[in-house]
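Using this note's numbering, you'd call the opening residue of the sequence shown number 6 and step up by one each time.
Backbone N, C-alpha and C fix where the C-beta goes; we use that ideal spot for every residue, glycine too.
Comments concern the structure below.
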Amino acid sequence: MAPDHELDTSLPGVRLLQQWIRQRRRISIQLASGLELQGRLLWQDSEFLALLLPEAERPELLARHRIERIRSLDGDPSTATMPTPRLPLPPI
Numbered sequence: 006m007a008p009d010h011e012l013d014t015s016l017p018g019v020r021l022l023q024q025w026i027r028q029r030r031r032i033s034i035q036l037a038s039g040l041e042l043q044g045r046l047l048w049q050d051s052e053f054l055a056l057l058l059p060e061a062e063r064p065e066l067l068a069r070h071r072i073e074r075i076r077s078l079d080g081d082p083s084t085a086t087m088p089t090p091r092l093p094l095p096p097i
């Protein structure tokens with residue numbers, strides 16, 4: 006059986022990143038190597054994040070397992086909120 010590669014939208018971190026994508030926030034991503042990149046998150050899937058760097062025409066694809074930290078560079082941090090939890094659908 007192939008591994009499940011669906012994005013788990015019940016996870017708060019996934020929902021927060023989706024919120025930042027919709028808000029077109031600038032973010033900072035620190036990689037395991039220590040390198041820090043800043044840009045705008047375009048999309049995410051279960052394996053990669055697509056980060057558009059300033060002045061770039063195409064996004065950089067960053068492997069999730071290489072990322073240490075992600076933070077928003079926009080907005081007032083004191084007003085940051087986690088997205089509301091999504092309740093699971095009842096079984097059919």
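* Which value, in whole angstroms, describes the spacing of the CA atoms of Ile72 and Gly80? -> 22 Å
* Asked: Arg76 and Ser38 look like a contact to me (Cβ under 8 Å); what is the Cβ gap, rounded to whole Å?
  -> Between Ser38 and Arg76 the Cβ distance is about 17 Å, and since that is not below 8 Å, they are no contact.
* Please classify Leu22: is it buried, with 16 or more other beta-carbons within 10 angstroms of its beta-carbon, or exposed? => Buried, because 16 or more other Cβ atoms sit within 10 Å of the Cβ of Leu22.
* **Through-space distance from Leu54 to Leu66, alpha-carbon basis** => 6 Å
* To do: Measure the C-alpha to C-alpha separation of Leu40 and Arg74 and round it to an integer number of angstroms.
  => 11 Å
* To do: Tell me whether the beta-carbon of Arg20 lies closer than 8 Å to the beta-carbon of Arg45.
  => no
* Nearest candidate by alpha-carbon position, reference Gly18, set Asp50, Leu58, Pro64 -> Of the candidates Asp50, Leu58, Pro64, Asp50 places its Cα closest to the Cα of Gly18.
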